[in-house]
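>
There are 2 protein chains.
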Amino acid sequence: MSAFEELMAFQRQTEALAQVAGRLGWDQETVMPEGSAAQRAEEIGALEGVLHARRTDPRIAGWLEAAQAPDAVGEAQLRLIRRSYARTMKVPAKLAEEIAATMSLAQGVWAECRSREDVAGFLPTLRKVVDLKRAEGAALAAGGDPYDALVDDYEPGMTGAAIAAMFDAMRPRLVALREKVLGAEAPKGVVGVFPQEAQLALSRELATVFGYDWSRGRIDLAVHPFSSGSGHDVRITTRVNETDPFNCFYSTIHEVGHAAYEQGIDAGYALTPIGQGVSMGVHESQSRSYENQLGRSSAFTGWLFGRMREVFGDFGIADADAFYKAVNRVHPGYIRTEADEVHYNLHVMMRFDLERALIRGELQVEDLEAAWNDRFRADFGVAVDRPSNGMLQDVHWSCGLFGYFPTYTLGNVYAGCLVKALRADIPGLDGQMERGDVSAATGWLRERVQRHGGLYEPRDVVRRACGFEPSEGPLLDYLEAKFGAIYGV
Amino acid sequence: MSAFEELMAFQRQTEALAQVAGRLGWDQETVMPEGSAAQRAEEIGALEGVLHARRTDPRIAGWLEAAQAPDAVGEAQLRLIRRSYARTMKVPAKLAEEIAATMSLAQGVWAECRSREDVAGFLPTLRKVVDLKRAEGAALAAGGDPYDALVDDYEPGMTGAAIAAMFDAMRPRLVALREKVLGAEAPKGVVGVFPQEAQLALSRELATVFGYDWSRGRIDLAVHPFSSGSGHDVRITTRVNETDPFNCFYSTIHEVGHAAYEQGIDAGYALTPIGQGVSMGVHESQSRSYENQLGRSSAFTGWLFGRMREVFGDFGIADADAFYKAVNRVHPGYIRTEADEVHYNLHVMMRFDLERALIRGELQVEDLEAAWNDRFRADFGVAVDRPSNGMLQDVHWSCGLFGYFPTYTLGNVYAGCLVKALRADIPGLDGQMERGDVSAATGWLRERVQRHGGLYEPRDVVRRACGFEPSEGPLLDYLEAKFGAIYGV
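Just so you know, the protein sequences line up as chains A and B, in that order. Each step along the first sequence adds one to the number in this note's numbering, with nothing skipped, and position 320 is 320. Each step along the second sequence adds one to the number in this note's numbering, with nothing skipped, and position 207 is 1207.
#1: Helix, strand or coil, according to DSSP, for A/Ser471 in the structure here?
#2: Hey, does B/Arg1055 have any beta-carbon neighbour from chain A nearer than 8 Å?
#3: Between A/His232, A/Cys248, A/Arg218, which lies nearest to A/His224 when the distance is taken from Cα to Cα?
#4: Give every residue of the same chain whose Cβ lies closer than 7 Å to the Cβ of A/Asp374, excluding the five residues on either side of it in the sequence, and list them in chain order.
#5: Counting only Cβ pairs nearer than 8 Å, list the residues of chain B close to A/Pro58.
#6: Can you tell me whether DSSP reads A/Thr238 as helix, strand or coil?
#7: Comparing the C-beta of B/Gln1039 with each C-beta of chain A, is any distance below 8 Å?
#8: Name, going along the chain, the residues of the region 199 to 215 of chain A whose beta-carbon falls closer than 9 Å to a beta-carbon of chain B.
#9: Unbroken alpha helix (DSSP H) runs of length 4 or more, entirely within the region 339 to 364 of chain A: which are they?
#10: My understanding is that B/Leu1150 touches B/Lys1133, with C-beta atoms under 8 Å, so please give their C-beta distance in whole angstroms.
#11: Could you pull out every residue in the same chain whose Cβ sits closer than 6 Å to the Cβ of A/Thr125, ignoring the five residues on either side in sequence?
#12: Counting beta carbon pairs with one atom in the region 1255 to 1264 of chain B and one in the region 1220 to 1240 of chain B, are three or more of them shorter than 8 Å?
#13: Residues in the region 1021 to 1034 of chain B with C-beta within 8 Å of chain A's C-beta atoms, listed in sequence order?
#14: What is the C-beta distance between A/Val558 and A/Arg178, in whole angstroms, given that I count them as a contact (C-beta under 8 Å)?
#15: Any heavy atom of the ligand FAD within a distance shorter than 7 Å of the CB on B/Met1170?
#16: Tell me which same chain residues have a C-beta within less than 8 Å of the C-beta of A/Phe376, skipping the five on either side of it?
#17: Is the region 231 to 244 of chain A touching the region 417 to 427 of chain A, taking contact as three or more C-beta pairs under 8 Å?
#18: Determine, using beta carbons only, whether B/His1232 comes closer than 8 Å to chain A.
#19: Does B/Ala1046 come within less than 8 Å of chain A when only Cβ atoms are used?
#20: Find the nearest neighbour of A/Phe246 within the set A/Trp214, A/Ala415, A/Leu202, A/Tyr487, judged by alpha-carbon distance.
#21: Could you tell me whether the region 1290 to 1304 of chain B touches the region 1167 to 1175 of chain B, where touching means 3 or more Cβ pairs closer than 8 Å?
#22: Quick check on A/Glu255 - is its C-beta less than 8 Å from some C-beta in chain B?
#23: Does chain A have any CB closer than 8 Å to the CB of B/Arg1491?
#24: Give the straight-line distance between the Cα atoms of B/Arg1423 and B/Leu1078, rounded to the nearest whole angstrom.
#25: Using CA coordinates, which residue listed in B/Met1433, B/Ala1016, B/Glu1043 is at the minimum distance from B/Asp1027?
#26: Expressed to the nearest angstrom, what Euclidean distance is found between the alpha-carbon atoms of A/Gly22 and A/Glu48?
#27: Thinking just about the alpha-carbon of each residue, which of B/Val1091, B/Ala1037, B/Ser1036 is nearest to the one in B/Thr1056?
#28: Considering only DSSP beta bridges, list what B/Ile1219 is partnered with.
#29: Hey, would you say A/Gly316 sits closer than 8 Å to A/Ala259, going by beta carbons?
#30: Which residues mark the beginning and the end of the alpha helix (DSSP H) in which B/Lys1090 is found?
#31: Name the residue from B/Leu1392, B/Glu1291, B/Gly1275 whose alpha carbon lies nearest to the alpha carbon of B/Val1209.
#32: Run through DSSP, which three-state label would A/Ser398 get?
#33: By the three-class DSSP mapping on this structure, what secondary structure does B/Ser1279 have?
#34: Where do the ends of the alpha helix (DSSP H) carrying A/Lys420 lie?
#35: Measuring CA to CA, which of A/Leu410, A/His232, A/Ala37 is closest to A/Met280?
#36: List the residues of chain B whose Cβ lies closer than 7 Å to the Cβ of A/Ser36, in chain order.
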């Protein structure tokens, strides 16, 4: 075997073991008995130890030096292996161990403190997490910006400065839209009880409509919906609130977007470095396209209204137009995960500025709550009423996920570009979606984005798909047009 | 850390990874999407590669040489690690790899050939499996009997000769009992349709009655019921036939017996070599005690009759006595897994003789079908009508599980001894079981057998529990008394 082949064979086993780790995560969130948590932590720890040993295996350096890629796909493989290996080797083993040990405990502390509204109790843990992530960022940046180095884990090639510039361009238009919309009359919401089994049945139908491949997946209930796995085993979860069916339906469509990306990657890339979604931002561009630009469109909600009437009877909404408005109701609120399309990115931008300042040492953990609350009042116009509605609401920072938040909005931005481009390519799309057929749109995304996996850099795959340079413009145009029309503003 | 501590820490991670492999097996049989099989095979292969590398890690030899056990528990740990390491190192790596590669394919060939009733198609694969297992047995036996070496994998300390002597002593009494019973009038069976959901609900109730710890387990459906996992995550499966509720109920009780053993082991032994059932025979002694000696007793079926009447109404059985007879109906048949208590061991004995002759080279694969059919006619009095009812019925040989079959009957023998001893210790047991309370019996088994895990050798743990030398006598006495009374013979 050549050095390239040896490296790829070694890497393939690592990828297979990483899939096993993902499967344990799925198990833990869906079917694991509650008394198994401590043993499971040891099982995952042992597997992570195996993965870390493989990722730092000294043979990789030799293989990388000698390997000759046979083609462009092989070059992409080597590029990703090289990047991952360089990243892993930059972080001292002792720091990596301390990060792993701290994060596995910090999430439990966060959950406990959030339930008690106890910011002071969480601060020592958060301080430790931030210190460790600052150290990791510094080790990775090697003199550069530590926050940029952390962002690079989730969105290769993106920097804090580029994100800040984009967000600064977005904020005024979003704030202006928000103010106009909240000044107008709010549409009616749905009323009634929507039984769990019927919601799940329609949710499965929606997954099928959006192209979910059931032969390589399944859907289960979980507290927080997620998609898990790559290649031939990509599972999703959803949740049910019997008075709010949109929670279930749009969680499902969102996760189908993530899963369709993984399922749509060229089968020849399975269990290789390029055999998974290329970045968090591009991943989110798929889930958000499916959920919002397609799933919450006037055309598709027209079909969904008919199906919901057939399944649930009368639920207080007179016609498809009122239903479209109900699906897209804009409502102020404290919680990011419950936010509508107008508010969502404002939540993300705020977290981005705060976490970037934390990592760069411009904001201290002790001052985070005041900074959060000041900023929330400035952007959202109301005061935070309690920590679980404020700085304790998200799990991310307790898990050390600094640099992750901005990829949510980046995903929305990319979704704006992609759907603008696919709409130009598919003139009859709305007519198809009115009949519950989104296959032209999902097929376009599969062909232009999903099948490539990690073959191109994140921004490149979006640019190639769209045929133009990605920017925030299409998303903002879409939001202003859509909500301007719904609210008559 | 001392050498002992280093070895135990290393071993603990290996045990944790072995639990992960078990969890993948559970996933595959219960929830895995059908299209995921090929990828899963790679995932399991990668994990097995990691486990094999750990089990042959050269540091183990050094640790074993230097390790000083601090106490008797530590000595038992070292004994099991030493045995496992010696066993693993005796098999050449190339042979181990060939065995793994062959078995992963052979099971599929067997399933395909069984569905086509195609013995000739299966023979080349079976020949390869037998050749490999002969070679493995020879490598392990180092001049001794290769079949004994294979038996030792499942039942340490047991030999083919000892099993043959026991089985020879059992056969005449079982054949005589079988002939008497089949000459008498057969009791009535249940009639009706028993809906799946109701069966599963009562099945969960039975699991609870037999002491299954739900906080560390769950029950799901699978084609072939099994118990999976050790320590704090021990899951079981069952199956449902809507016209035969006993299939579901007694499969569940059987698997609860296996699971209760794993759950009942001293919590301090978890993720160590002694933290799991000590042998297949002792494991089966628990499942068979739960299922047969307790679950099919006159006392317990009295309670079950009442519950089934409450749940299902009239199902053609007039009273508890008729129900007891229906549960214990003796029926001739080709299939081992459907056999009653009278026939079951005759099936096992036949397989034992055939597989021992195959491994010792006294029987060739080409002659197996004729040997099977001759022997079946001699022991069961009827001719095999087709291969899927004959030599193609069991998966074991295609998986290379030679030496496994006799542990089923050994488990029955041990169950006979254990339940004789526990009945002597618990005089009011039948009165309790008539009220659906088997806790005194399961508590006795947990205290005397289950909690020890691998602390003692298999036969020793049974001897210590019973207070007498285990033999086939109690099982035969029990069967003759029980079926003699039911059939009036």
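Ideal placement from N, C-alpha and C gives every residue a C-beta, glycine not left out.
Per the coordinate set shown:
#1: In this structure, A/Ser471 counts as coil in the three-state DSSP scheme.
#2: no
#3: A/Cys248
#4: Answer for A/Asp374: no residue qualifies.
#5: Under the 8 Å cutoff, chain B gives no residues; its nearest Cβ is about 16 Å from A/Pro58.
#6: Of the three classes helix, strand and coil, the one that applies to A/Thr238 here is strand, per DSSP.
#7: yes
#8: Asp213, Trp214, Ser215
#9: 341 to 359
#10: 7 Å
#11: Ala106, Val109
#12: Segments in contact, yes.
#13: Arg1023, Leu1024, Asp1027, Val1031, Met1032, Pro1033, Glu1034
#14: A question about residue 558 of chain A goes unanswered here, because the residues of chain A that appear run from 1 up to 489.
#15: Among the components of this structure there are no ligands whatsoever, and the ligand FAD is therefore not found.
#16: Tyr334, Met350, Val382, Ala383, Val384, Gly390
#17: As far as the Cβ criterion goes, the region 231 to 244 of chain A does not touch the region 417 to 427 of chain A, which means the pair count is below three.
#18: For B/His1232, a Cβ of chain A is located within less than 8 Å of the residue's own Cβ.
#19: yes
#20: A/Leu202
#21: no
#22: no
#23: No statement about residue 1491 of chain B is possible, as the shown extent of chain B runs from 1001 to 1489 and does not include it.
#24: 35 Å
#25: B/Glu1043
#26: 11 Å
#27: Looking at the Cα atoms, B/Val1091 is the closest of the given residues.
#28: B/Ile1236
#29: no
#30: 1072 to 1090 is the extent of the alpha helix (DSSP H) around B/Lys1090.
#31: B/Glu1291
#32: helix
#33: Coil, per DSSP.
#34: Taken as a continuous stretch (DSSP letters only), the alpha helix (DSSP H) holding A/Lys420 covers 406 to 425.
#35: A/Leu410
#36: Arg1216, His1232, Asp1233
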